[in-house]
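Chemist:
Numbering (our numbering), first residue to last: 3 to 257.
Given below as C-alpha cells:
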C-alpha cells in the first residue's frame, strides 16, 4: 500500500476519508460531507488536503467543498456528467480516466445508478476502492436517478476487482443492511457470521468498514442474484440476474 487512510464520521452516518501518499505527503479527501469533522481530522492527523476527489453531487458529499476550498486552496475533482452540480469543481474525470496521486496511478470507474454520473476511485497498487454510494457493505445505493440495469452493471464492474481489494463506502449502513440481507439469504453461514460481527462492532461503537470485495461476494445479496438459494427464496428461479437484482433492490426500498 502506498497510501495511509484515516476514516471518520460526518453528519449522522456519512464517512469522511482522508488519504495521504506515504512518499510525497500529498493528501486528498474522498468527498466533503461536513466541514467541522474534516477540520478536526486534519488537525488530528496533521495531513493538509490539496485535493477533493468527489464521487457524486449529492449535498451530503459536497456540502463542505467551497468552505474547504477557501480555507486550503485545494483542487476539486469530480465526475464530468455532474460538473454543473458540484460546487467549486476544477477538473472533471469519467470512467476510464487515470491520474497520479503521489506515486500511484488512480483509476476512475464509472458507476451510475445511485446518480447518473457517479464515479468510484480505484487505487490498484494499494488495493483500495472508494465506492461512496454505489457499493455498501451488504448493500448498494438507492436508485435515485439511475435504473436497475445501470446499477447492476456498476456492481458487476466493481465485483470483478481483486477479492482482496479494501472497500470504503459513503455511509455506515451495514447493520441495517445485514438485517435485510438475512431476509433474502437466511441460510448463508458467511452472512450470519458477518452479521454477528457487525453487531459486536456497533455495540462497541466501532465502524464496520472497510470491507473487501471478496467478503461482499460471499455475503452481499446485491452482488449475488445468481445464487440459487436467493432465487428460490424470491420465487425467481428462471429470471435474469438483472431482474433478480431489481427485485432485491425493490424489497430493500420497502424493508
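In this text, a Cβ means the ideal position worked out from N, Cα and C, and glycines have one as well. On a predicted model such as this, the values are computed, not experimentally measured, just so you know.
Thinking residue 248 and residue 150 are a contact (beta carbons under 8 angstroms), I'd like their distance in whole angstroms, please.
Modeler: 4 angstroms
Chemist: Hey, residue 134 and residue 58: beta-carbon distance below 8 angstroms or not?
Modeler: yes
Chemist: Classify residue 218: buried if its beta carbon has 16 or more other beta carbons within 10 angstroms, exposed otherwise.
Modeler: With 16 or more neighbouring CB atoms inside 10 Å of its own CB, residue 218 falls in the buried class.
Chemist: For residue 99, I'd like the list of residues in its chain whose CB is within less than 6 angstroms of its CB, leaving aside the five on either flank, ordered along the chain.
Modeler: 110
Chemist: Use the C-beta contact count for residue 257: other C-beta atoms within 10 angstroms, 16 or more gives buried, fewer gives exposed.
Modeler: The residue in question, residue 257, is exposed, as its Cβ has fewer than 16 Cβ neighbours within 10 Å.
Chemist: Quick one: which unbroken beta strand (DSSP E) runs of 3-plus residues sit fully inside the segment 12–87? Chain order, please.
Modeler: Counting whole runs of 3 or more residues, the segment 12–87 contains the beta strand (DSSP E) stretches 16–23, 29–32, 53–55, 77–81.
Chemist: Under 8 angstroms, do residue 68 and residue 89 count as touching if we go by C-beta distance?
Modeler: With contacts defined by Cβ atoms closer than 8 angstroms, residue 68 and residue 89 form a contacting pair.
Chemist: With distances taken Cα to Cα, identify the nearest neighbour of residue 130 among 152, 163, 145, 140.
Modeler: 163
Chemist: Does the Cβ of residue 240 have 16 or more other Cβ atoms within 10 Å, making it buried, or fewer, making it exposed?
Modeler: exposed
Chemist: Decide yes or no for the touch test of the segment 139–153 against the segment 26–34: beta carbon pairs closer than 8 angstroms, at least 3 of them.
Modeler: no
Chemist: Evaluate residue 56 with the Cβ neighbour count: other Cβ atoms within 10 Å of its Cβ, from every protein chain shown; 16 or more gives buried, anything less gives exposed.
Modeler: buried
Chemist: By Cβ distance below 7 angstroms, which residues in the same chain neighbour residue 13 in space, the five residues on each side in sequence not counted?
Modeler: Taking C-beta separations shorter than 7 angstroms and ignoring five residues to either side along the sequence, the partners of residue 13 in its chain run 35, 36, 62, following chain order.
Chemist: With a threshold of 8 angstroms on Cβ separation, who are the neighbours of residue 15 within its own chain once the five nearest residues in sequence on each side are excluded?
Modeler: Around residue 15: 173, 174, 175.
Chemist: What span of residues does the beta strand (DSSP E) with residue 106 cover, start to end?
Modeler: 106–112
Chemist: Would you please state the rounded distance, in angstroms, between the beta carbons of residue 52 and residue 76? I believe it to be under 8 angstroms.
Modeler: 5 angstroms
Chemist: My output table needs one value for residue 257: the three-state DSSP class, helix, strand or coil.
Modeler: coil
Chemist: What do you reckon, are the CB atoms on residue 224 and residue 157 nearer than 8 angstroms?
Modeler: yes
Chemist: Nearest to residue 143 by alpha carbon, out of 160, 8, 251, 32?
Modeler: 251
Chemist: Would you say residue 166 and residue 214 are within 8 angstroms of each other, going by their C-beta atoms?
Modeler: yes
Chemist: Once you ignore the five residues that flank residue 95 on each side, which residues in its own chain have a CB closer than 8 angstroms to its CB?
Modeler: 79, 80, 81, 82, 101, 110, 121
Chemist: Span of the beta strand (DSSP E) holding residue 94?
Modeler: Residues 93–95.
Chemist: Is residue 127 helix, strand or coil by DSSP?
Modeler: coil
Chemist: Within 8 angstroms of any Cβ in chain C, is that where the Cβ of residue 62 sits?
Modeler: Checking the listed chains, one finds no chain C in this structure; it contains a single protein chain.
Chemist: Output yes or no for whether 8 angstroms exceeds the beta carbon distance between residue 20 and residue 33.
Modeler: no
Chemist: If you check the beta carbons only, do residue 4 and residue 105 fall under 8 angstroms apart?
Modeler: With respect to residue 105, residue 4 sits close: the two C-beta atoms are nearer than 8 angstroms.
Chemist: With the cut-off set at 8 angstroms, would you say residue 49 and residue 73 are in Cβ contact?
Modeler: no
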